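Working notes for the structure below.
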Amino acid sequence: MVKQRTLSIIKPDATRRGLTDAINEKIENGGLKIIARKDITLTQEQAGKFYEVHKERPFYGELVDSMIVAPVVVQVLEGEDAVTKYRNIMGDTDPANAAPGTIRAEFAESKGANSVHGSDSAENAMNEILFFFKEEELAD
Ligand code: GDP
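Put into C-alpha cells, the structure is as follows:
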C-alpha cells in the first residue's frame, strides 16, 4: 500500500487546554506517524491565507480570529491512506455529530472550537504541507 501524508493542526482551543499530548496519542494509536512538527503562533495574515477557501462563508472572520489567539501545533502525518484515516480519527466538523472516540467527540467544544484541522484531499494536503514546511524538513 502507498504511504500518504496529510496536514494536521492542533488548534488554539486545544493547545490552550493542554490537550496536545492526548490528541497526538489518538493520532498515533490510529496508525499515523508524526513525521514533522512546528509549534507556532499564527499571524492573522497566515491564518487568513490558510483558510482563504472559506473567505465567503459567514464564519470566516471568527475562524481566522480563533486560530491566532494561542499557539497551534502544525504536524505532518504519514501512513496508509493518511488523509481519510485522519479525517476518521478527527470525527465530524460538528462535535455533536462526531463518532464516539474521535478527537472532536472527546475534546471539541463547538463547531468553531473543534480542536483540530485535517486536510480534506490528497491535493489539498500537499499544498497545506508546503504552506508550513520546506521539502528538506520532510526528508525521510
Ligand atoms: P473541517 O474540514 O471538518 O475542519 O470543516 P470545514 O472545512 O467545513 O470548515 C473549516 C473550519 O471552519 C472548521 O473546522 C470549523 O473550525 C470552522 N467552521 C465550519 N463551520 C462553521 C460554523 O458553522 N461556525 C463556525 N463558527 N465555524 C465553523
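Just so you know, numbering that gives the first Met the number 0 puts 4 at position 5 of the sequence shown, and the rest follows in order with no gaps.
Glycine included, each C-beta is placed from N, C-alpha and C at the ideal position.
Here the structure is a predicted model, which is why all the values come from computation and not from measurement.
Let me check understanding here. Comparing Cα to Cα, which of the options lies closest to residue i?
i	options	result
Gly-17	Glu-77, Glu-44, Gln-45, Ser-114	Ser-114
Ile-62	Val-72, Val-73, Gln-3, Gln-45	A small correction: the amino acid at residue 62 is Leu; Ile does not occupy that position in the sequence shown. Comparing Cα positions, the closest option is Gln-45.
Pro-70	Glu-51, Phe-58, Thr-42	Thr-42
Gly-117	Ala-95, Val-1, Leu-31, Arg-15	Leu-31
Leu-33	Ala-104, Lys-54, Pro-94, Leu-6	For clarity, residue 33 is Ile in the given sequence; the question names Leu instead. For the residues Ala-104, Lys-54, Pro-94, Leu-6, the minimum Cα distance to Ile-33 belongs to Leu-6.
Tyr-59	Arg-15, Asp-119, Gly-111	Gly-111
Ala-95	Arg-103, Ile-88, Met-89	Arg-103
Phe-49	Met-125, Glu-134, Glu-136	Met-125
Val-52	Asn-23, Glu-136, Thr-83, Glu-127	Glu-127
From what residue to what residue does the beta strand (DSSP E) around residue i run?
i	result
Glu-79	71-79
Gly-29	Premise fails: Gly-29 is in no beta strand (DSSP E) and is neither H nor E.
Val-115	115-117
Taking the alpha helix (DSSP H) that residue i belongs to, which residues open and close that run?
i	result
Thr-14	11-14
Asn-62	For clarity, residue 62 is Leu in the given sequence; the question names Asn instead. Per DSSP, Leu-62 belongs to the alpha helix (DSSP H) from 59-65.
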